[in-house]
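Student: Below: one structure in C-alpha cells.
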Amino acid sequence: MTDDVMTIGELEDLARRGRAEVLRAVAHAGAGHIGGPLSVMDLLVALFFRVLRIRPTEPHWPDRDRFVLSKGHSAIGLYVVMALRGFFPLAELKSFDAIDSRLQGHPDMTVLPGLDMSSGSLGLGFSAAIGMALGGQAGGHDFATFAVLGDGECNEGIVWEGAHVATRYGLDNLVAIVDQNGLQQYGWHGDSVEIRLPPYRENELADRWSSFGWRVLEMDGHDMAGMLDTLEVARYGDGRPTVVISHTVKGKGVSFMEGSFPWHSQVPDENQLRAALAELGETGGE
Ligand SMILES: Cc1ncc(C[n+]2csc(CCOP(=O)(O)OP(=O)(O)O)c2C)c(N)n1
Numbered sequence: 042m043t044d045d046v047m048t049i050g051e052l053e054d055l056a057r058r059g060r061a062e063v064l065r066a067v068a069h070a071g072a073g074h075i076g077g078p079l080s081v082m083d084l085l086v087a088l089f090f091r092v093l094r095i096r097p098t099e100p101h102w103p104d105r106d107r108f109v110l111s112k113g114h115s116a117i118g119l120y121v122v123m124a125l126r127g128f129f130p131l132a133e134l135k136s137f138d139a140i141d142s143r144l145q146g147h148p149d150m151t152v153l154p155g156l157d158m159s160s161g162s163l164g165l166g167f168s169a170a171i172g173m174a175l176g177g178q179a180g181g182h183d184f185a186t187f188a189v190l191g192d193g194e195c196n197e198g199i200v201w202e203g204a205h206v207a208t209r210y211g212l213d214n215l216v217a218i219v220d221q222n223g224l225q226q227y228g229w230h231g232d233s234v235e236i237r238l239p240p241y242r243e244n245e246l247a248d249r250w251s252s253f254g255w256r257v258l259e260m261d262g263h264d265m266a267g268m269l270d271t272l273e274v275a276r277y278g279d280g281r282p283t284v285v286i287s288h289t290v291k292g293k294g295v296s297f298m299e300g301s302f303p304w305h306s307q308v309p310d311e312n313q314l315r316a317a318l319a320e321l322g323e324t325g326g327e
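Set out below in C-alpha cells:
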C-alpha cells in the first residue's frame, strides 16, 4: 500500500506514462520486449501502487507480500513500475539490458533488490512462487504471494504440475494472475504464418485452472477500478489458491502494436517511437 492512496485517474496516468517509459527503454537499448510489458502495465501499476504490501525503501522487509513476474521477458514493464514506485531512480531505466546493469533483459534477483525471484525461463517463476507460499503457510506468516504468468507460458507442463501441488497444500495465500493477451511469441498459426492463434481457446484457461481445484476470477486487465476490486477479493483466499484471468490486449496503448505478434519483441525505430509516444500523449522527446 502507498501512504497516500492514489485515485483511479492517477493510476491510469501512471500506466500511460509507464508504457511510454517501456518504449523509450527498449528503443534506447535496441533490444527487449514490448507487447507483453504493454499488456500487463495496468496490472503492474495496480499491484505495486495499491495491492501489494511492500516498502520500496526496505525491499527485504520480511512481512512484505512476495511478487514474481513469472513471464520474466516482460521485465522492462516491471522495472518501469518499480522505478515509478521508488525502488530505484527512474534515470537507471536508461541502463536497461546493458552488460553491467542491474536491469537485465530478464529479472536477476542477485543484482536488483526488490525482486523476489529471477525469471525468464517460462514456468519456473511460478514454481518458486508456490515455494514462497508454502514457506509462508508453514511459518504462519500472513504475507500473500502473487505470480504473474502469460497465457503462452501456461503451455508449459511445469505450470500444471505447480497448479496441482498448490491445491494439494491448500495454498490460499497464493494468487496467480494470467495476463491473457491471446498471443505468444509465435505459437500455432492460422490460415497463414502471419496469423497466430491464441494459446488457449475462449474459456479454456479458466476451465483448466478450475479443474485443478483453483478458485477462478476473471477481470478486464485494462479497467483499473474493476481490477482493484477483483484483486482485493483474490488476496483473501477461501482455502483454495486463486487464479485471476486478466483479459488484455498485447501491445495495449499503441494502435500499430495492438494484437500484432511481431511486436512481441520488435524494437521501434525513430519514427515508430515518435508515433507511439504521440499516441500515448507524451509530448516529451524520445
Ligand atoms: C522455457 C521457455 N521456452 C521458451 C521461451 C521463449 N519465449 C519467451 S517469451 C515466449 C512467449 C510467451 O508468451 P506469453 O506467456 O503469452 O507472454 P506475453 O504474450 O505476455 O509476452 C517464449 C516462447 C522461454 N523464455 N522459456
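Mind the numbering: the sequence shown is residues 42 to 327 in our numbering, read in order.
C-beta atoms are modelled at their ideal positions from N, C-alpha and C, and glycine is treated no differently.
Under the three-state reduction of DSSP, which class applies to residue 307: helix, strand or coil?
Tutor: By one-based count along the sequence shown, residue 307 stands at place 266. Correct three-state label for residue 307: coil.
Student: Could you check whether the Cβ of residue 287 sits closer than 7 Å to any heavy atom belonging to ligand 1?
Tutor: The count along the sequence shown starts at 1 and reaches residue 287 at position 246. No, ligand 1 has no heavy atom inside 7 Å of this Cβ.
Student: Could you check where the alpha helix (DSSP H) with residue 68 kicks off and where it finishes?
Tutor: Position 27 of the sequence shown holds residue 68. 49-70 is the extent of the alpha helix (DSSP H) around residue 68.
Student: Report yes if the C-beta distance between residue 173 and residue 159 is below 8 Å; otherwise report no.
Tutor: As a position in the sequence shown, residue 173 is number 132, starting the count at 1. As a position in the sequence shown, residue 159 is number 118, starting the count at 1. Not a contact, by the Cβ cut-off of 8 Å.
Student: Could you name the residues, in chain order, whose CB is less than 7 Å away from a heavy atom belonging to ligand 1?
Tutor: My final list is 74, 76, 77, 80, 81, 112, 114, 115, 161, 162, 163, 164, 190, 191, 192, 193, 194, 197, 220, 222, 224, 225, 226, 240, 291 and 305.
Student: Out of curiosity, what's the CA-to-CA distance linking residue 63 and residue 117?
Tutor: On the sequence shown, residue 63 is found 22 positions in, with the first residue counted as 1. On the sequence shown, residue 117 is found 76 positions in, with the first residue counted as 1. Using only the alpha carbons, I get a separation of about 6 Å.
Student: Counting Cβ pairs, one atom from each stretch, are 3 or more of them under 8 Å apart for the segment 197-216 and the segment 137-146?
Tutor: They do not touch, by the three-pair rule.
Student: Measure from the alpha carbon of residue 106 to the alpha carbon of each residue in 91, 120 and 112, then state which is nearest.
Tutor: Here residue 106 corresponds to residue number 65 of the sequence shown, with the count starting at 1. Closest option to residue 106, Cα to Cα, is 91.
Student: Where does the unbroken alpha helix (DSSP H) through residue 151 begin, and where does it stop?
Tutor: Taking the first residue of the sequence shown as 1, we reach residue 151 at position 110. From DSSP, residue 151 is part of no alpha helix (DSSP H); its letter is neither H nor E.
Student: Taking all protein chains shown into account, do 16 or more other C-beta atoms lie within 10 angstroms of the C-beta of residue 255, making it buried, or fewer, making it exposed?
Tutor: Position 214 of the sequence shown, counted from the start, is the residue given in the question as residue 255. That one is buried.
Student: Quick check on residue 130: buried or exposed, where buried means 16 or more other Cβ atoms within 10 Å of its Cβ?
Tutor: For the purposes of this step, residue 130 is identified with residue 89 of the sequence shown, where counting begins at 1. Burial call: exposed.
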